Amino acid sequence: MAVVLELGLAAATAPIASAIPLRTARLAPLRIQPRRTGLPYRCRTLPLQSRWKSESAPRRPDDSSDTSASSSSSSSSSTSSANTSDSSTSPSSPKRRESAGGKFNLYGDDWEDSVDFAIKSFEDLPHRLFGVNQHMIINYELKEALRIMLRQFNAPIVYCFAYGSGVFPQEDNSRSITEAEFRAVHPKPPEALVKAQKGSPKMIDFIFGVTHTQHWHSINMKQHRNHYSGIASLGSGFVSRVQDWGAGVYFNPFIEMNGMLIKYGVTSIDNLVNDLSTWDNLYLAGRLQKPVKILRDHPQVRLANQHNLIAAVRTALLLLPPDFTETELYSTIAGLSYLGDPRMALPTENKSKVSNIVNNNAVHFRRLYAPLIKTLPNVAFTNQVRLDDEDWVLDPQADNKLQQDMDPVKRGNMVRRLPQHFRSRLYFQYQKKFAMPREEFTRMMEASSDDGGSIKRPQGGEFEKRIARDDPAQLQEIVRRVIRQTVNWPSTTQSLKGVLMGGWSRTMRYLGEKVGKWKTGRKQSKQAAAAAAAASSSSKSGDDHRPQEKEEKKKSD
């Protein structure tokens, strides 16, 4: 029917088009809205939950290249997923009401049954709103300012996110600073950036996902040669090889673009998807485990990142007791990528970094992880919470309690579903602890290897159950050791090659800022400790005076 309509319209407009000079006229495309009756699922307009859908602000015509949350979410739908959700949830259930009649499949967990990271479009994602939790809502003007900045690059950027304290504050911005102090960081900042960063101007960090790194650097070096250090004179091939060292990211720091000070890292889509899905080094996966602002989306990355996020929850559960709070969960997740990071052992990072990230971004963490928590069978909020309850979702002070099931079978399944490379390292640690013969361990590893043809999520075997039954303290220590092994070498290599990427002057400036943050964090820690000691002393002093007051009262009576 649609084809017939298009042919008819083309025939009808042909005489008109031929009568008007093409150079002086532009015919706006005619869009016909089909009737809703009898249309398939993907053609219908569904009511969206206001706080769990993607941003739906109007887009400019020249923004079509920037894949936003709203466009990608609305374009990706799956009839089978919707039908599964409808059939498995009763009309009166809270989950069905929260997910708009079950059509959004916010609680669906069948997307883990079969995984194809080589998908080509958002249409291939498991369901209509898959991965909507990854899109944080920030100030619209700031988002547009960042998108406009991206258009200054001629080299194609297929995926991009902004992250760090420049976009998501990690400290109190109540102090006031002069315009000169702000412009010392951002020479000509847009008004939206001034409002967003307020009293604490920070460099804005980006990660660019590209298809062919050497080709990308070749184009970018011709346009922005001043972004690169002296190694650019050796050609894009050498720059690309330097990028491949460590975690596979090439950073250009302290770049002024559109009046803003930025740092951008370049990586390949293949490298990004690999780290998200296998936890090969947790360098990029760790950044995406915290709130980021996705400016250009990519279907493969969205799918892989959803696996990364749910793996972060499972790993955190292995490190937590049976009962814990939201803050404890989010802090554990945010701290995963900092375990083993050499910068945390040096006076170059604020020791309160994790708590600052979580305490100032609780709402973003809740948006990121609450829908995933609802899909897991072995963890739940102790009180009734709903994803459409804005009083809870948007409350930065809310800190609900959660409880996890310590059943070895369920925890064994959780271990089995950890990312492949990370899981292999964990298995190797327990092979040594259990003193398993090499042949037996090899057979077990071959039997438990990820089978691309499998259509069901893997189940934990006896080895995984044995890991789950291990003493909780020892299990937590071994998991932390594996995380440190995963993170340490790639992070160290990235830090060392920073001198090559940024040059000597930029590297010294970067280290100077990091040392400044470390001193600030140290000062805050001392002030907090002094305040706690004063409060404790005051409480103790009050307790000491009470018996004396009672004795004096008795004497007076």
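As numbered in mature numbering (1 follows the signal peptide of the UniProt record, and there is no 0), residues -19 to -1, 1 to 538 make up the sequence shown, in order. All C-beta atoms in this analysis are idealised placements derived from N, C-alpha and C, irrespective of residue type, glycine included. These numbers were taken from a predicted model, which means no experiment stands behind them.
Between the alpha carbons of valine 480 and phenylalanine 111 lies a gap of roughly 40 Å. The DSSP-derived three-state label of glutamate 237 is strand. Comparing alpha carbon positions, the residue from Thr356, Gly190, Ala165, Ser214 closest to alanine 143 is Gly190.
In the DSSP annotation of this structure, glutamine 365 is not part of any beta strand (DSSP E), being labelled neither H nor E. Among the bridge pairs identified by DSSP, arginine 277 is matched with Cys141. Burial check for lysine 413: the Cβ neighbour count within 10 Å stays below 16, so the residue is exposed. The alpha-carbon separation between alanine 361 and leucine 383 amounts to approximately 6 Å. Per DSSP, the unbroken beta strand (DSSP E) holding leucine 383 starts and ends at 382 to 385. Among the bridge pairs identified by DSSP, aspartate 304 is matched with Gln384. Closest option to leucine 284, judged by alpha-carbon separation, among Asp304, Arg277, Leu257: Leu257. For glutamine 204, the CB contacts under 8 Å within the same chain, skipping 5 residues up- and downstream, are Phe134, Asn135, Ala136 in chain order.
The C-beta distance from leucine 265 to valine 230 rounds to 7 Å, short enough to fall under 8 Å. The three-state secondary structure of serine 249, taken from DSSP, is strand. Taking 8 Å as the upper bound for CB-CB distance, methionine 241 and proline 170 are in contact here, some 6 Å apart. By the neighbour-count criterion, in which 16 or more other beta carbons inside 10 Å mark a residue as buried, glycine 246 falls on the buried side.
Burial of aspartate 322 is indicated by the presence of at least 16 other C-beta atoms within 10 angstroms of its C-beta. Judged by beta-carbon spacing, asparagine 289 lies beyond the 8 Å limit of glutamate 152, meaning their Cβ atoms are not closer than that value. Within the same chain, Cβ atoms closer than 7 Å to the Cβ of aspartate 261 are found at Asn255, His402, the five residues on either side in sequence being excluded. Under the three-state reduction of DSSP output, tyrosine 411 falls in the helix class. Annotation for phenylalanine 444: the continuous alpha helix (DSSP H) segment containing it runs 443 to 449.
Note that the C-beta distance between proline 168 and glutamate 237 is below 8 Å. Here leucine 320 really is in contact with arginine 461; their C-beta atoms are around 6 Å apart, less than 8 Å. When secondary structure is reduced to three states using DSSP, aspartate 376 falls in the coil class, being assigned neither helix nor strand. Across the structure, arginine 398 and glutamate 427 are spaced so that their CA atoms are roughly 15 Å apart.
Judged by DSSP in its simplified three-state form, leucine 349 adopts helix. Take the alpha-carbon of aspartate 386 and the one of serine 221: they are about 47 Å apart. Contact annotation, serine 210 with glycine 483: C-beta distance approximately 6 Å; criterion of less than 8 Å satisfied. When secondary structure is reduced to three states using DSSP, isoleucine 119 falls in the coil class, being assigned neither helix nor strand. The beta-carbon separation of proline 234 and phenylalanine 103, rounded to 32 Å, does not stay under the 8 Å limit for a contact. In the structure shown, the three-state DSSP call for glycine 147 is coil.
Here glycine 267 is buried. Its C-beta has 16 or more other C-beta atoms within 10 Å. The C-beta distance from phenylalanine 346 to valine 339 rounds to 6 Å, short enough to meet the 8 Å contact threshold. Bounds of the beta strand (DSSP E) holding aspartate 186 are 185 to 191. The residue among Thr259, Arg295, Met117, Met130 with its C-alpha nearest the C-alpha of isoleucine 243 is Met130. The C-beta distance from isoleucine 464 to leucine 317 rounds to 6 Å, short enough to fall under 8 Å. Residue state for phenylalanine 98 is assigned as coil, using DSSP reduced to three classes.
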